[in-house]
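Numbering (our numbering), first residue to last: 9 to 615. We put the CB at the ideal spot given by N, CA and C, even for glycine. Note that the structure is a prediction, hence the values are computed from the model and not measured. Here's the structure we're looking at; comments come further down.
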Amino acid sequence: MLRLAPVLLGRLARARRWAPVLRRGGTASGEEELFVFPEYEPEPSEAAATAATAAAATAGTEAAVPLPCQERKLGRERRKRGSGVVEAGRPDPSVPLSGVSCSGCGAELHCRDSAAPGFMSAEKFRSLSEGPDGAAGLRGAVCQRCWKLAHYGQALRLELPAEQHRLVVSAALRRPLRHGRGPLLLYLLDVLELPDPVLSQLPTLLGPDVPAAGLLVAGLRGAPLVDIRLVSAKTGFGMEGLVSRLQRSWKCAGDVYLLGATNSGKSTLFNTLLRSDYCKSRAPDIISRATVSSWPGTTLNLLKFPIINPTCDRIFRRQERLKEEAAKTEDQLSSEEKKLLNNLKKQGYLVGRVGRTFERQKSRAVIDFDPDMLSYSIDEDPKPLSKKREQREEFTYNEVKDARWCYDTPGIAKENCVLNLLTDKEVKLVLPTSAIVPRTFILKPGMALFLAALGRVDYLEGEKSAWFSVVASNLLPVHVTSLSNADAVYKKHAGHELLKVPMGGEERMKEFPPLVPQDITLKGIGTTEAVADIKLSSAGWVAVTAHPEEKLLLRAYTPQGTALVVREPPLLPYISTVRGARIPGTAAYRTKKPPSLVENLKTTGRG
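In structure tokens:
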């Protein structure tokens, strides 16, 4: 009974309204070209920050000597604007391994080697493990890598063999039977990655004798496809339906494993299920959320929470709650609920509210803030509290002795993927962080379209103009130029601000693979329906719409070693109609964001 749960949207970011911005610049041939960008606020450069500091110093003595808190803030900002890869704390090879897993990524905590998974600084490791609880004092702690990812969005250099993720997943799936039956495999597909790049590897991971309850593809190893669910763990869309389906069909029959490629959204789904009716009511107070980041391979080992037993009484109470919530209108929500709902709408088009029926009521504790804990530098771990540590909750023996568990697993590494070629700052620009706003352009034969410096589509031959709709991160620039200038544009601007990704100038491009071409022939269906998608590895895709029976000869490019896929039929055939008016004198249309749909809330009237 395997579930396909495509993750629809990306990660949280500051909400902005995106629209094409036109800029002009000279080309190698001296002609003027139009540059098409999405609106965004670039981070100030280090040089600009230095110039601002120098200007402040010349303005007077008071401005030249910042307060200590200002120095700390400036230091943090400078580091945030740096390479994005920070150094680890001080190790101590003499200290043995802890035997306790990081609550964020699942790696075993230690302080022996800063390049190994699960590392935390020796000072912090000792402060947590040398108390009266011993190694148990590390429970709930996170490694230094998860700390940097969660608080600063920055990645530590980590030596992790590419095959290790696959071995962890394979070993977990080949465990002996628990409770007399195999596990349920919940496979996630990212809609930006269809066709899925690692689905074909499932039989190898499972092995010849794994008695799994179901597999993804109908007929694969004799297990039928039972259900497909479209969900967004970020905005909550489809999540209540997924929980209800799991509780009705699977109940509490066995363990559940979340499987999928890296960056498919498994940890985000894990965190949402952890705070839903799918887990035991005390679990969110005991189990920490998984670390979520745009960096591929964040989860390094298994994470888990206990599944609640969906008794008849619990299912009834849950259905009553869902009916009551679905009868509300947006006007009946509290100000806090409205604020959360509006935030979710900015992240995606499809929104759902995820609640809890069996949440345990607790008294609110008074929180004492320690200023020193809130002001440490990015290169420092927080100093251990001098006060007595709060007693951490634990499961009782009876709560977990027969528990069924939901596991988050390490992502299966994607081969031939452009993300493998990028730095962490570049990955953040490529992976979408909010609802994608499609950008449509009308091209004549003899024109070329760049998606950053990661993909290119040339319109070589055709009788009429055609529409090219870009579905990619709003932060990736799109540039349209003539075919005769395309090579010069790439040579001049790849690695620089115009094409944005990769970044780092000529030195970066020396190590970046060249773009390699693939010829594509298409025949148009109609002026409102796309004939195919050209998927440019994981950077996004371009939907092509042409006049009926119009023959197009295209040439698409992706970096050498990455996959270019022509998807027929297209995933969103009418994507070119989601656009505003044509921008005069350009190839671009104004962008248009569709209204959000909230699935479990009345859209009209007052209750």
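Sequence-distant residues of its chain with Cβ nearer than 7 Å to residue i (five each side left out)
| i | result |
| --- | --- |
| Gly534 | Pro556 |
| Thr570 | Asn424, Cys425, Val426, Ser545 |
| Pro76 | Only weak support is given to the placement of Pro76: the predicted model assigns it a pLDDT of 38, under 50, and the question is left unresolved by the model. |
| Thr111 | The question names Thr, but residue 111 is Ser in the sequence shown. Excluding sequence neighbours, Ser111 sits near Gly148, Ala149, Val150, Ser296. |
| Ala241 | Val15, Met247, Gly273, Thr276, Leu277, Thr280 |
| Leu507 | Phe458, Ala460, Ala461, Pro485, His487, His501 |
Paired residues, beta bridge with residue i - DSSP
| i | result |
| --- | --- |
| Ser111 | In the DSSP output, where bridge partners are listed per residue, Ser111 has none listed. |
| Met247 | Its beta-bridge partners do not exist; DSSP assigns none. |
| Glu469 | Leu561 |
| Pro4 | Residue 4 lies beyond the stretch modelled for the chain, which goes from 9 to 615, so this question has no answer here. |
| Lys312 | Tyr415 |
| His555 | According to DSSP, His555 bridges with nothing at all. |
| Val550 | Val478, Ile542 |
| Val488 | Leu457 |
| Ala269 | Ile420 |
| Met511 | Gly503 |
| Val586 | Note: Val586 sits in no beta bridge, so no partner. |
| Tyr286 | Its beta-bridge partners do not exist; DSSP assigns none. |
| Arg183 | Note: Arg183 sits in no beta bridge, so no partner. |
| Leu348 | Bridge partners of Leu348: none, in fact. |
| Val574 | Ile542 |
| Tyr405 | The partner list for Tyr405 (beta bridge, DSSP) is empty, contrary to what the question assumes. |
| Ala450 | Before going further, note that residue 450 is Ile rather than Ala in the sequence given. Trp475, per the DSSP bridge assignment. |
8 Å CB neighbourhood of residue i in its chain, flanking five on each side removed
| i | result |
| --- | --- |
| Thr417 | Val176, Val177, Ala180, Tyr265, Leu266, Leu267, Lys274, Thr307, Leu310 |
| Val103 | His118, Cys119, Arg120, Ala130, Phe133, Arg134 |
| Gly107 | Glu116, Ala143 |
| Arg563 | Val465, Asp466, Leu468, Pro525, Gln526, Asp527, Ile528 |
| Thr585 | Thr536 |
Inter-residue CB distance, residue i and residue j (contact presumed, cutoff 8 Å)
| i | j | result |
| --- | --- | --- |
| Leu437 | Ser492 | Not really, about 29 Å apart at Cβ, beyond 8 Å. |
| Ser272 | Val426 | At roughly 16 Å, the Cβ-Cβ gap does not stay under 8 Å, so Ser272 and Val426 are not in contact. |
| Ala461 | Tyr498 | 7 Å |
| Val550 | Ser477 | 7 Å |
| Val150 | Phe245 | In fact, because the Cβ distance is near 29 Å, the residues do not count as touching under 8 Å. |
| Ile316 | Phe366 | 7 Å |
| Arg189 | Gly262 | 5 Å |
| Leu459 | Val486 | 6 Å |
| Val479 | Gly548 | 5 Å |
| Arg174 | Ala335 | So it is not a contact: roughly 47 Å between Cβ atoms. |
| Leu349 | Val606 | 7 Å |
Burial state of residue i (16 or more Cβ within 10 Å)
| i | result |
| --- | --- |
| His118 | buried |
| Ala589 | exposed |
| Arg372 | Summary for Arg372: the model assigns pLDDT 49, below 50, so the residue's position carries little reliability; its value from the coordinates is reported in the next sentence. Arg372 should be labelled exposed. |
| Asp380 | At Asp380, the pLDDT of 47 sits below 50, so the modelled position is not reliable and the matter cannot be decided from this model. |
| Gly38 | Any reading at Gly38 must be qualified, since the residue scores a pLDDT of 40, below 50, and its modelled position is unreliable; no value is offered. |
| Arg690 | Nothing about residue 690 can be read from this structure; the chain reaches only from 9 to 615. |
| Ala496 | exposed |
| His159 | exposed |
| Gln152 | buried |
| Thr280 | buried |
| Leu277 | buried |
| Gln355 | buried |
| Ile236 | exposed |
| Asp204 | buried |
| Arg587 | buried |
| Cys287 | buried |
Reference residue i; option with closest CA among the options
| i | options | result |
| --- | --- | --- |
| Ala540 | Glu576, Glu505, Thr529, Ile528 | Glu576 |
| Glu558 | His487, Ala596, Glu471 | Glu471 |
| Arg361 | Val435, Val251, Val445 | Val251 |
| Leu561 | Gly463, Trp475, Pro453, Pro602 | Pro453 |
| Ala595 | Arg447, Ala124, Asp527, Lys422 | Arg447 |
| Cys113 | Phe449, Tyr415, Ile542 | Tyr415 |
| Ala538 | Val573, Lys508, Tyr582, Val574 | Tyr582 |
| Glu434 | Ala494, Gly512, Lys500 | Gly512 |
| Ser604 | Thr299, Thr212, Glu338 | Glu338 |
| Leu192 | Leu207, Trp258, Ala335, Glu345 | Trp258 |
| Leu196 | Gly419, Asn428, Pro578 | Gly419 |
| Asp432 | Gly503, Ser442, Ala269, Pro510 | Pro510 |
| His187 | Asp141, Lys409, Arg322 | Lys409 |
Contact set for residue i: own chain, Cβ-Cβ below 6 Å, skip 5 residues either direction
| i | result |
| --- | --- |
| Ala411 | Pro314 |
| Lys601 | Val445 |
| Thr61 | Annotation note: pLDDT 38 at Thr61 (below 50); position unreliable, no value reported. |
| Arg98 | Ser129, Ala130 |
| Ile450 | Ser473, Trp475, Ala595 |
| Asp100 | Cys119, Ala130 |
| Leu200 | none |
| Lys81 | Bear in mind that a pLDDT of 42 at Lys81, under 50, signals an unreliable position, so the number given afterwards is only what the model happens to contain. So no residue of the chain qualifies. |
| Gly126 | Cys110, Ala115, Glu116, Leu117, His118, Cys151 |
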